[in-house]
Amino acid sequence: MLKITDLKVNYGGIEAVKGISFEVPGKSIVTLIGANGAGKSTTLRTISGLVRPASGKIEFLGEDITGMDVPTIVSKGITLVPEGRRIFPDLTVLENLRLGAYLRKDNIDSDLNWIFDLFPRLKERQWQLGGTLSGGEQQMLAVGRALMSRPKLLMMDEPSLGLAPLVVRDIFRIIKRINEEGVTILLIEQNANMALQTADIGYVLETGRITMSGTGSELLSNPAVKEAYLGS
Amino acid sequence: MDFINQNLPYILAGISVGGQYALIAIGYTMVYGILRLINFAHGDLFMAAGLIMIYLTASLPLYIAIPLDLIIIAVLGFLIERVAYKPLRNAPRMSIMISAIGVSYLLQNVALYVTGGLAKTYPTIPWISNSVTIFGATTKVVTLVTPVLTLILVVALVLLINNTKIGMAMRAVSRDFETSQLMGIKINTVISVTFIIGSLLAAVGSMLYFTNYTAVTPISGSMPGLKCFVAAVFGGIGSIPGAVIGAFLIGICENIIKGLGWTTFSDAFTFALLIVILIAKPTGLFGEKSTDKV
Amino acid sequence: MIKNKKNTILGFCALAALFLVLFVLEKLLPTGSMLFVVLKKGAIYALVAASMNLLNGFTGLFSLGQAGFMLIGAYCYAIFTIPVQHRDAVYQYFDGGLIQFTVPVVVALIMAGLAAAIFAALIGLPVLRLKSDYLAIATLGFAEIIRAIFQWDALGPLTNASNVLRRYPLFSSTLFPFIVAGICIAIIVLLINSSYGRAFKAIRDDEVAAEAMGINLFKHKQMAFVISSFFAGVGGALLAMYQTTIQANAFKSAMTYEILLIVVIGGIGSISGSCIASFLFIACSEWWLRFLDAETYIGAFKVPLLRSGFRKVVFSIVIMAVVLFYSKGLMGDKEISFQGISGFIKDPFGLVSRRKKKTEGVHIDG
Amino acid sequence: MADTLLKLEDVTVQFGGVLAVDNFSMEVNEGEIVALIGPNGAGKTTAFNCITGIYEPTNGQISFNGQVIASNYPQGKMKKMYASQNMGKYTKVVKHTPDIITRMGIARTFQNIRLWNSMTVFDNVLTAKHMRAKHNVFSATFRISHVEEKRMREETLNLLEEQNLVQYKDDLATSLPYGLQRRLEIARALATEPRLLLLDEPAAGMNPQETQELADFIVQIKEKYDLTVFLIEHHMDLVMKISERIYVLDFGRLIATGTPAEIQRNQRVIDAYLGVAEDA
Amino acid sequence: SGGGSAKSANVIKIGVYEPASGDNGAGGKQETLGIQYANYIQPTVDIDGKTYDVKLVIVDNESSTDKAVAAASQLVSEKVSIVLGSYGSAVSIAGSDTFAQAGIPVVGITCTNPQVTEGNTHYFRICYLDPFQGTVLASYAFNDLGVKKAYCLAKLGDDYSVGLCNYFMEAFEDLGGTVVFETFPEGNTDFTSYVANAKNAGAEVFFAPVSTEAAALIIDQAHAQNLGIPLLAGDTWDSNVILDAAKGKNVSIAVTTFYQEGGNPEFDKGIKEWLNAKGNEQYLANNNGNDEIAAVTAMGYDAYFVALEAIKAAKSTDPGKIMEALWGVSYEGVTGLIEFNDIGDAKRDVAYVKSVNTETGKWDFVGLASIN
Ligand SMILES: Nc1ncnc2c1ncn2[C@@H]1O[C@H](COP(=O)(O)OP(=O)(O)OP(=O)(O)O)[C@@H](O)[C@H]1O
Ligand SMILES: Nc1ncnc2c1ncn2[C@@H]1O[C@H](COP(=O)(O)OP(=O)(O)OP(=O)(O)O)[C@@H](O)[C@H]1O
Ligand SMILES: [Mg+2]
Ligand SMILES: [Mg+2]
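Chains as they are written, first to last, in my numbering: chain A, 7 to 238; chain B, 1199 to 1492; chain C, 4 to 369; chain D, 22 to 301; chain E, 105 to 476.
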């Protein structure tokens, strides 16, 4: 579904991503793990068009989308849950959710109910301004907002950041569920344990390069991964 | 009756000036709302609308000149945004503001260059230029039309911003370009729409204003521009109803002060009032409190 | 540390050399030369721009009251230095005015600064609670109020109302504004590089964090405001000396915008940027572009467009072009340094690196 | 038992209709590591904000080291709402700006990192020392207090060395990876020479390995600087490993308190927050 | 002009120190027009038997005292022999020191403030002064119009209008009248309240010696509110802007000025032809797009010839010599005889009074006024 070939990205003089290639097959869950600053977020930002790559190619459903502008890429069905939530603080929860469905022309009411089912807390707070939500509530909103666009490919940058343990489990459950509904998922997680358990395929990123890859369970049992990312 | 006779002109003038200020102030507030930019060029756009109208009516009938004027100003507003502000999307906020000051200088200086600088007389627009007498006070029809028209436009705008998709997009873009794009919003389109609406309001405002105050000079826009900006701040910059209320407040107070004989300080008083209000309410009457959660 | 010291010494040498060159130039060139006019005004504006930068660039307080503080400084200087025998002529409508004594020039300069600073301290109390654009418009408002008050007839015996003040002592040499402005700017730079300067920057970057780290917001903001106003006041006094006459009318918000332009074009947060931009700005607006105002013939061919007023059109375009090209200002937030100069010589105007940057993965603008 | 360093009594915070913190009482003793946990939106960060003076409580009192640092009682329309609660117990209003509280010896980090972005790593820490320095504008500007300045610089360097940040000292704070930024925030807080350190989700965005390192690090600085630590965290491994006592908030209300072992067994906490542990 | 380059050795430069932008930009340009026309009529001057080309060096002082020094210095550095200008007394005073230091004489054209020439030997002027004009206007109002109460309006911070109001009030009160004095702030466009104030105060004449922009707005308001009392002003109102604004309105306007169109038909005809000539569109634009002659234009024209007289008399291009020669100049210009008294001011004791004919949109000559 998504194919990245030899992608390189620089910030000013810093090489953040140094030529990576990987694929995300349709209907799968793929995860990128790696230490802080490895270039995970940069990769996702590049795919969504927020950052322009220095070289390399990004193909989505067979179409070259490298260098297209963000709204166009979004309209093709790629949605990003950005790092740091990026809620619209002056808009209410409901409006934030509606904006998620900005490009959709069909009725979104049933989807709203679906999101409220997933996150009852948001329903309670639907008239509150996004900026005043607690950290975890904002994270739920960010995920919910992305789901509202009914993406083909959903990219999530650390969706469990700052969430309570119970909710973290929920989030992973939701990820599985929407995946089963046919949405392809590209996931970044610090919680490598859970991520690898959930994912079909995992890639390990180290300072801008892919150093290991395999199925989720392969990586889970890989001693090097264990040592570096699983913490035991 | 005598009392009314003596004081009605001040109040009428206040309401009418307030309405005209309101139309310009909305332009400021909208642009500020979306770009966090004090668009210093807005007042000069207003002046340009006046001048262009004068040149247009010199050779065209009014019913062509008026729509043409509106179109030209909308296009001008659009171009200003594209040329002077868009390249600076990622620059420090102050740089865009300087660019705005640059545009303001440019419009003024081009006007000076073209017109020579002498005051031009604004054409008479039938009906609204007529004099009417209410309670013995003589004034122009435009004085009465302005507040009504202003209110209609404001209600329409508030509805647009609060209840439509583009309105929601405008509010989203104002806070965060990047995430707005991630929602699929074409931010350039949204910003352009904002500028076009703001410019159109300035053009309409200029027709009402210059029908009342018929001399147009290259600096005709700067004082109304400043006053309207003050009005926008008064009401809480970014808030459309705030801008309108601020504009009426300033217009009326200013004229009452003049009527009381404190003419020397009518402007100073406007600023003093503004400062007092800001001290009581640091983000203006209807200003949004910062929702920056710690 | 050692490198630092070396730079300081180099800096002092450069300054000394500059003063020497000025001194010699003044002996060589005729006094009326435009160069000196631009240098004088440039030095004064550099001081005012640096003081504004201290506030807007380093403390993040967006204030637009500079013209007001300059006005106070200028008037304070003039009122206390006009020789008594000239007062009848100057205060022609006010029977020679109220004040009938004078103080020495240097004392008057300091008084000018103090007057502005005291006023700043007074208005800082209510105004500094405001944020960003609200602060800007409130300070702008204060400047306008000050102007109205100084023009008020009732204060005529002191301020000469709307009429010009003149015949106070002027510069005898271009060196004078350079020395005064130089000392003031040096103090500003020292302040910025001190612990207080860092506290100012912390407030600019993140007020909440600054306060949580024990920095008293109000005290520090007030300090920056008062100090900046002091130097604006001194700058106003120097401007009065340069202009030979002053009139409250000239201290409009347009003057503040001019200074703001200089600050931004030089680079917000760069004092050397402010200084460089100041000289360039003054030279451009008052000297180099003048030819554009004159109708010019080359042989019998009349150069199109050139006529009175064209200069200002071009000038506005130049300003916009500079802002669009150098969106972070000429210097960004860097200071001039000897490494920087040698770098500039190798790659003037950053053409090489800019071209390089284009091909890299920079952020896409909207 | 050691002395009580921080004490919250009946603290209530209300935003519009939302009761963010509801009648919350707790204390932290000198030399302890105490954790505050609870579901998202339970009011943990709000409690921190009250302690550090960013918000003021609607009702209740906070004292630090025996000194009241915040106190308030319901006024205006709040009065009716709280008619039954602790009526008349608190009668004075004490309000301090955050800088004064920091000066008293409470330092904090933020849930969303708030470093000074345009400054280098070194300057970030150095600037936090400004408050404690003995100088005034005049002496600082004219370098009369250069000895003091030198001392501040040395101490800063030491601090960075200890935190293993010294190799980044001339980098911009924003260019650091996330984990190091968190560490820098802690270093900056330490530079204010606190007695009580408040950490708001210090392990957010860290992988399990880094979280473990962080846990060791917290214990280490606590010993070294004789600190008391009060932290909010969602990483249970870290919380359970280092904290001596835990308070659990839900909907602003205290639902449980006790040692890590007790909390892990508490059914209410499991239901509201921890969930059933189904994996490691 | 074109042929000048061949005899380039013989050029004398005359500086034109006028605002072309800022508050007084429009007036400054009209004054400059007179000088430019005069230069077109008489592009050469004979100095001691040799013919010199006269080159105008025009600088814009931007109506601002803080730009004045640089503008003046520009003229000094261009080595002009004599300077003409400026419209607006404040900038004239501001530039004065620079010219004094360089030893260059200046001939003021319409700067009416006494301080311009007072206490110096290099500044001359060819117009009458504010005290004179104020007194003339007061006596015209009191004696000719027969009014006892006057409303005076000046612009805050504008020394010209405030000063003239001052002299007017002094004289008017001496005559036995009463006055109400108000100022309006810069950039004010809404004169409704001022007109209403005048009405409410029961004033019989509305004296407003303000800039043309404000004047146009005042006229408009006076019409809209049916003011019904005459508007009176000084030389600034002698502009086609006023005619445009007043045409077809229900107002009566009288002004004192330096020149009345028709006073010198030959000059009138010549300058109108010149303004309307092909290639001179910009001059016409600077005159508001029509060929109505402003008094300041006529004054600019005379000033140029006064300068030439002085140059001829000095027999030199040296500024110092010209300065000395100026004291003795006697020149019969289109605005009357110009000679300087020992302060350097023109010996003028008459002002033209004219009024607007609101039907034709032209000036009607009312008469000459002087102090008796
Ligand atoms: N806007 C930027 N400007 C300059 N450098 C940047 C920028 N954003 C990221 N970097 C640098 O690029 C590198 C990769 O960053 P990225 O955010 O992709 O890492 P990450 O793997 O997502 O890390 P984390 O787990 O902390 O989110 C880092 O060294 C970072 O400092
Ligand atoms: N300024 C505010 N205005 C309105 N509501 C607020 C404000 N600040 C916090 N709240 C609300 O108060 C509640 C508590 O928020 P708080 O940030 O304290 O939660 P938290 O316990 O830190 O949660 P998390 O673990 O998700 O960070 C939330 O429901 C939030 O929406
Ligand atoms: Mg990341
Ligand atoms: Mg929190």
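We treat Cβ as the ideally placed atom computed from N, Cα and C, and that holds for glycine.
Distance check for residue j and residue i, CA to CA, integer angstroms please.
i, j, result
"LYS9/A", "LEU259/D", "38 angstroms"
"ARG127/A", "GLY37/D", "17 angstroms"
"VAL27/C", "ALA257/C", "35 angstroms"
"ILE1224/B", "LEU168/C", "41 angstroms"
"LYS133/E", "GLU286/E", "29 angstroms"
"THR225/E", "ILE213/E", "16 angstroms"
"ASN16/A", "ARG92/A", "23 angstroms"
"ASN1410/B", "VAL1340/B", "7 angstroms"
"VAL460/E", "ILE323/E", "11 angstroms"
"LEU13/A", "LYS82/A", "20 angstroms"
Does the beta carbon of residue i sit closer than 8 angstroms to a beta carbon anywhere in chain E?
i, result
"MET1245/B", "no"
"TYR1411/B", "yes"
Got a sec: does ligand 1 put a non-hydrogen atom nearer than 7 angstroms to the Cβ of residue i?
i, result
"TYR189/D", "no"
"LYS46/A", "yes"
"GLY43/A", "yes"
Residue i and residue j look like a contact to me (Cβ under 8 angstroms); what is the Cβ gap, rounded to whole Å?
i, j, result
"GLU164/A", "GLU195/A", "6 angstroms"
"LEU1274/B", "ALA1298/B", "LEU1274/B to ALA1298/B, Cβ: 14 angstroms. No contact."
"LEU193/D", "THR141/D", "6 angstroms"
Using 8 angstroms as the limit for Cβ to Cβ distance, is residue i near chain D?
i, result
"THR138/A", "yes"
"SER197/C", "yes"
"MET334/C", "no"
By alpha-carbon positions, which one of the options ends up nearest to residue i?
i, options, result
"VAL149/E", "ASN292/E, CYS256/E, ALA417/E", "ALA417/E"
"ALA128/D", "ARG216/D, PHE45/D, MET47/D, VAL146/D", "ARG216/D"
"PHE294/C", "ALA286/C, ARG314/C, SER281/C, CYS278/C", "ARG314/C"
"PRO1259/B", "THR1313/B, VAL1301/B, PRO1321/B, ILE1236/B", "PRO1321/B"
"ILE162/E", "GLY138/E, ILE145/E, GLN146/E", "GLY138/E"
"PHE12/D", "LEU219/D, THR118/D, LEU29/D", "Residue 12/D is absent from the structure shown; chain D starts at 22 and stops at 301."
Return yes when at least one heavy atom of ligand 5 lies under 7 angstroms from the C-beta of residue i, else no.
i, result
"LYS65/D", "Among the ligands present in this structure, namely ligand 1, ligand 2, ligand 3 and ligand 4, ligand 5 is not found."
Consider the C-beta atom of residue i and the heavy atoms of ligand 2; say whether any pair is separated by less than 7 angstroms.
i, result
"GLY188/A", "no"
"GLN35/D", "no"
"SER166/A", "no"
"SER140/A", "yes"
Would residue i pass as an interface residue toward chain B - the criterion being a Cβ-Cβ separation below 8 angstroms?
i, result
"LYS376/E", "no"
"TYR48/C", "no"
"VAL140/E", "The identity of residue 140/E in the sequence shown is Gln, whereas the question assumes Val. No - not a single Cβ of chain B is within 8 angstroms of the one on GLN140/E."
Indicate, with yes or no, if ligand 4 has a heavy atom lying under 7 angstroms from the CB of residue i.
i, result
"GLN132/D", "yes"
"ILE72/D", "no"
Measuring only between beta-carbons, confirm whether residue i sits less than 8 angstroms from chain A.
i, result
"GLN132/D", "yes"
Interface residues of the stretch 93-125 of chain A facing chain H [CB-CB below 7 angstroms]: The displayed structure is made up of protein chains A, B, C, D and E, and chain H is not among them.
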